[in-house]
Every structure is written in C-alpha cells, then in structure tokens.
Amino acid sequence: MVNNSIRVVATCLALLAPNVEARVDVAFDQRLPGKKQVQCADTLGDLVFIGRTRGGSSAELTALDISDPSAPRTVWEHELRGSANGLTIVDETLYVATGANRAELLVIEPRDGAILAALDLPGPRDATGIASLGRGLLLQRNTGGGDDAFLIDIRDRGAPAVVTSWNGRVLEETPEATALPDHFVPNLAVRVDRPWSPGTMLHLLFARQPVELEILRRDVVRFPDNDGDGVFRLGCLGDSNTFGYPGLPRSWCVQLRDIIDDPFFEVLLIAAPGATANPQTIFDERFDAAHHLESAIESGVDAVLLAYGTNDLQQGYSPEEIARAYREHRAVAEAAGIDFYVASTPGRLPDPTADSMVVAVNEILAATFPERLVDFFSGFVPELYRDRLHFTERGQALRAERAHEVLGPRR
Ligand SMILES: [Ca+2]
Ligand SMILES: [Ca+2]
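Going by our numbering, the first residue of the sequence shown is number 2, and it counts up by one from there.
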C-alpha cells in the first residue's frame, strides 16, 4: 500500500440517498502499487484475494487481511506467468483462473498462499473466468479454436481433473447486486460486498486508473448476517397488527423496511389475525407463534421480532404465561442461531396505556428481555387506534419507528 490519497468524499456522498449517506464511513482509500488492473476479488473471513492483469513489477495475486478495514495488510502474494482473471472459493480453498500457459488453474491454500496444485490445459490460451459448482468448477478460456469451457472435478483439491470440455461460452459477467455504492469510484473495475461485524456491510471498490482500493463501511441494522448469505433478513412475526390487511394501514414491518431502505436488508412478514404467542385455543397452528417461528427459521431469517399478546389475553392466558411463551420462542431462535427480539403488547381502547393486564405483561417483558424489547405500548394514544385493538397508519408508523430504534443502524 502506497501513496495515501484520501479523496474528497463529500461530493460523492451527495449522490446517495440521504438515509444511506448518513451511514457511510470511508474506512480506507489508497492507491494499489503498480498499474495492473484489478480483474477479480473475493473474501474469506478476514482475507481479501485480489487478482490483477500481468505486467510491471507487482504481483498478480495478492491476499490482504482486512480484520482492521482501515488498515489492510498484505498476507501473501504471488507473481504468476499471466494474469489472474478470475477466482472463487470452495470449501475454504482458493481457485484461480490464470493466463499462465502451464497453470491455467491454480489451487491455493488461502491462509498462507501455498500452491496446492496447478492444472495445465492443452494449449496456451488464457483462462478468463471461473465459477464453483458444488465440488466441481467451471473454467472458461479465451475462444480461438478448440474447447473453451472445462468442467473440473475438485473432490481432491490436490489433483483437479478435467471431467469434460466443450466449445462454447458459459460464464457471463455477473451483474452487480445493486448500483448503490458504485458512485464512490468513478471508474469501478471490481466490487465486493460483504457483511461485517453485526449489522455492518463492507464494500470493497477497486478503481481502474489509478488502480485504487476504497473500503466503505455502512451500518445497516443491529443484528448480524447469521446465516452468512450476504443479506440482513428480519422475520416480523405477529397477529393482525403485524399482518396488515390489504387496503388497510401498512404494517409496521413494511414501514420499517421502507425506513431502513437498504438493498442488503429484507423483511419476511409472517402473521395471522388472532395469532397468539401461546398455543392456540381457538384456531389451528397457523395462528400460533411457534409455527410462525418455525416457518421463519426455514426461510433463512437472521433475526425475528415477535409481536403478540393481545389475543393471548383474549384467550385467557396470564401475563406470566405470555412471557414464558416468549422465553420458549427465544430458546428455539437461539438454538437456530437467530437473534431474538420481542415487542411489548399493545394496550386496548378506551385507555390503552392504562390497560392493567397489558401493563402487567409489559413489566415482565421489560425485565425478561432488556435490550431486546421494542416498545409497542407507551405513547400509543387513542388517536393512533382505528378500533379497539387496531392501529391507524400513523400508529403503525410509530411502531415502525420503535422497531427502528432497537433494530436499525446505530448511526
Ligand atoms: Ca496450457
Ligand atoms: Ca442473512
């Protein structure tokens, strides 16, 4: 890393939507040594692998440690006899498509850079791209006579073997997931997005000329990407006040999504009118929080926010039983590796904030779930209700704000 060149960020920030702008923080911005273009990059844990075109004195393949995103550190590098045109990571092993005649595919131990194997395809044409297919790889070469697509068996990573090859392009340029932070680098070559510490995204942007690496850090939410799929996904579980009937006020869940408004944040709404935190005494299991939670876990959420209680009281459950049901759901969520949040039970007209049964429920919830409790109770005046139990659009908006206070980005 040379040549500290902190760029003027303020003008670039103005191009982003206001709510996103507030959360962006440039962790790192420096020229990379040499003039070689960045062709490809990917991450594994704290490591970033960068493949570059051939030429000049700097290495074509570099691994950086970004455990401190503001101070990336070179861990290892290789000079190849050709460009590093594509790379992919399968089972903690790095596979690189190169322009080197004797080693169009390199197999590398990512932590220390040890070369485990090199596969020489017939002829000198460059490998131009690579994609993983489970325990196999697809390697693409420049066209120019002969086969240009190779299916490679990597069940033994020390001895990759061509299974079959054919003539035809298979790999296409991967479209970017979103155009959002590209504005920061005017001549973007490669971009890698990855979730970082709880609720944060890192965007690694490689510019063409001058060759430059910029790392942006952006707070999205307060919970981690627990399943590692690159998206922060919240399950909103509840009753009719979460369900949001068509044509009626929009659910707090949908309004929360709109407030956070981030391409790496998704909501999954699982709710039913009449649903309970405790086992149903009237309807079937589709109206039961345990079933909602199971569906959310199966659907790959990273966190859940449960908002029940009203119908538990209607069905004769006590405040203690409501809190106990939530504790059981928390145990299920935590066993599945999911962050658990709970909402206080809303009051009922005519005097919602003085509803004694609801007050009792919420006192227990506050003691049981400190830090993880979203306040759906205090300040919800009668004007925010459209009937004895249900909220207006403004009432739902206040619920969304309360959820945002607990789940939304810190900044
Ligand atoms: Ca060759
Ligand atoms: Ca996720």
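Glycine included, every Cβ here is placed at the ideal spot set by N, Cα and C.
Which stretch, first to last residue, makes up the beta strand (DSSP E) that contains residue i?
| i | result |
| --- | --- |
| Thr369 | No beta strand (DSSP E) contains Thr369, which is instead part of the alpha helix (DSSP H) from 357-369. |
| Phe244 | Segment 241-244 is the alpha helix (DSSP H) holding Phe244; no beta strand (DSSP E) there. |
| His79 | 74-79 |
| Leu62 | 62-66 |
| Ile323 | Where Ile323 is concerned, there is no enclosing beta strand (DSSP E), although the alpha helix (DSSP H) it sits in stretches over 320-336. |
| Ile51 | 48-53 |
| Ile131 | 128-134 |
| Asn294 | Asn is not the amino acid found at residue 294; the sequence shown has Leu there. No beta strand (DSSP E) contains Leu294, which is instead part of the alpha helix (DSSP H) from 290-299. |
| Arg209 | Premise fails: Arg209 is in no beta strand (DSSP E) and is neither H nor E. |
| Gly137 | 137-142 |
Using 7 Å as the cut-off, classify the Cβ of residue i as near or not near the heavy atoms of ligand 1, replying yes or no.
| i | result |
| --- | --- |
| Arg103 | yes |
| Pro125 | yes |
| Asp121 | yes |
From the DSSP output, read off the bridge partner residues of residue i.
| i | result |
| --- | --- |
| Tyr96 | Thr89, Val108 |
| His204 | Asp194, Leu217 |
| Asn342 | Checking the displayed sequence, the identity of residue 342 turns out to be Tyr instead of Asn. Answer is Leu306. |
| Gly83 | According to DSSP, which records beta bridges pairwise, Gly83 is partnered with nothing at all. |
| Gly236 | Leu269, Val305 |
| Asp30 | Glu215 |
| Ala1 | The chain is shown from 2 up to 412; residue 1 falls before or after that span and cannot be answered. |
| Asp43 | Phe50 |
| Ala162 | Asp154 |
| Thr277 | Asp289 |
| Leu249 | DSSP, once it has assigned bridges, lists no residue as partnering Leu249. |
| Leu374 | Val343 |
| Val25 | Arg219 |
| Leu189 | Ala208 |
Answer with yes or no whether the minimum CB distance from residue i to chain B is below 8 Å.
| i | result |
| --- | --- |
| Pro347 | Within the model displayed, chain B is absent; a lone protein chain is all it includes. |
Counting along the chain, where does the alpha helix (DSSP H) carrying residue i start and finish?
| i | result |
| --- | --- |
| Gly396 | 394-408 |
| Ala150 | Unbroken run through Ala150 is the beta strand (DSSP E), 150-154; no alpha helix (DSSP H). |
| Val382 | From DSSP, Val382 is part of no alpha helix (DSSP H); its letter is neither H nor E. |
| Thr311 | 311-315 |
| Arg258 | 253-261 |
With a cut-off of 8 Å on the beta carbons, I'd call residue i and residue j a contact; round off their distance for me.
| i | j | result |
| --- | --- | --- |
| Val343 | Leu307 | 5 Å |
| Thr1 | Thr75 | Past the boundaries of the shown model lies residue 1; the chain is included only from 2 to 412, so the question cannot be answered. |
| Gln316 | Thr282 | 5 Å |
| Leu48 | Leu65 | 7 Å |
| Gln141 | Gly130 | 4 Å |
| Ala290 | Ala326 | 7 Å |
| Leu138 | Ile155 | 6 Å |
| Arg251 | Glu402 | Not really, about 13 Å apart at Cβ, beyond 8 Å. |
| Asp240 | Ala273 | 7 Å |
| Ala304 | Leu235 | 5 Å |
| Glu105 | Ala85 | About 11 Å separates the two Cβ atoms, so there is no contact after all. |
| Val191 | Ala355 | Actually they do not touch by this definition, with Cβ atoms about 59 Å apart. |
| Leu160 | Ala118 | This sequence places Ala at residue 160; Leu is not what is there. Ala160 to Ala118, Cβ: 6 Å. Contact. |
| Ala28 | Ser71 | 5 Å |
| Lys37 | Val163 | About 29 Å; that fails the 8 Å criterion. |
| Phe381 | Gly409 | Between Gly409 and Phe381 the Cβ distance is about 19 Å, and since that is not below 8 Å, they are no contact. |
| Phe1 | Gly275 | Summary: the structure shown does not reach residue 1, with the chain confined to residues 2 through 412, and so no result is reported for it. |
| Leu238 | Leu294 | 6 Å |
| Leu399 | Leu385 | 6 Å |
| Ile248 | Arg223 | In the sequence as displayed, the identity of residue 248 is Gly instead of Ile. Rounded, the Cβ-Cβ distance is 32 Å, inconsistent with contact. |
| Arg339 | Val375 | Checking the sequence shown, residue 339 turns out to be Ile, not Arg. Wrong, their Cβ atoms sit about 16 Å apart, outside the cutoff. |
Ligand 2: which residues have Cβ under 7 Å from any of its heavy atoms, chain order?
Asp226, Asn227, Asp228, Gly229, Asp230, Gly231, Val232, Phe233, Arg234, Gly301, Asp303
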